[in-house]
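Chemist: Numbering (my numbering), first residue to last: 397 to 532. This is the structure I want to talk about, given as structure tokens.
Below, the structure written as structure tokens:
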């Protein structure tokens with residue numbers, strides 16, 4: 397049950413909804429019921445799938461709306477960052493506030509899904525490694 401809770405918390409945390417997957421991961425790592433590797437992989441998988449869901453939503457939005465019709469300043473900044481630096485900027489998808497719009501913008505800009513998946517996964521994996529290290 398705890399691993400499912402971690403997965404769901406990580407998934408929700410990487411969409412446009414707030415969540416606390418870091419706290420759940422830190423707690424579970426301190427309990428020592430599961431190996432740290434399993435905890436990190438479950439959190440990374442959930443968080444990456446949530447981010448790719450945001451990427452997919454962005455891809456669907458791009459069918460109807462061009463990037464010139466962006467309404468929110470945060471969306472405009474995310475698109476500008478991706479256009480300037482390309483897919484490696486998705487390494488920052490774990491950051492609060494800007495991470496979720498980056499994933500949405502990557503889909504909107506039709507950045508290849510495999511490139512997006514690679515950089516998002518690496519960024520999120522490294523973040524969870526740091527969380528476990530600091531929690532133990």
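Glycine included, C-beta positions come from ideal geometry on N, C-alpha and C. The structure presented is a predicted model; accordingly, all values stated were derived computationally and were not measured.
1. Identify the continuous alpha helix (DSSP H) that holds residue 497 and give its terminal residues.
2. Across the segment 429 to 436 and the segment 397 to 415, are there enough close Cβ pairs to call them in contact, namely three or more that are closer than 8 Å?
3. Considering only the beta carbon of each residue, do residue 519 and residue 453 sit closer than 8 Å?
4. What is the DSSP secondary structure of residue 476, counted as helix, strand or coil?
5. Using the beta-carbon count (16 or more within 10 Å), is residue 438 buried or exposed?
6. With burial defined as no fewer than 16 other Cβ atoms inside 10 Å of the residue's Cβ, what is the status of residue 447: buried or exposed?
7. Give a yes or no on whether the C-beta atoms belonging to residue 484 and residue 515 are separated by under 8 Å.
8. Can you give the Cα-Cα distance for residue 415 and residue 532, rounded to whole angstroms?
9. Run through DSSP, which three-state label would residue 417 get?
10. Three-state secondary structure (DSSP) at residue 411?
Modeler: So, from the listed chains and residues:
1. Residue 497 -> alpha helix (DSSP H) spans 495 to 504.
2. By the C-beta criterion, the segment 429 to 436 is judged to be in contact with the segment 397 to 415, since at least 3 inter-stretch pairs fall below 8 Å.
3. Taking the C-beta atoms as reference points, residue 453 is found no nearer than 8 Å to residue 519.
4. If DSSP states are grouped into helix, strand and coil, residue 476 belongs with the helices.
5. Residue environment analysis places residue 438 among the buried positions, since at least 16 neighbouring C-beta atoms fall within 10 angstroms of its C-beta.
6. Under this definition residue 447 is a buried residue.
7. Contact flag set, yes.
8. One C-alpha to the other measures close to 21 Å.
9. Three-state DSSP puts residue 417 in a helix.
10. Reduced to three states, the DSSP call for residue 411 is coil.
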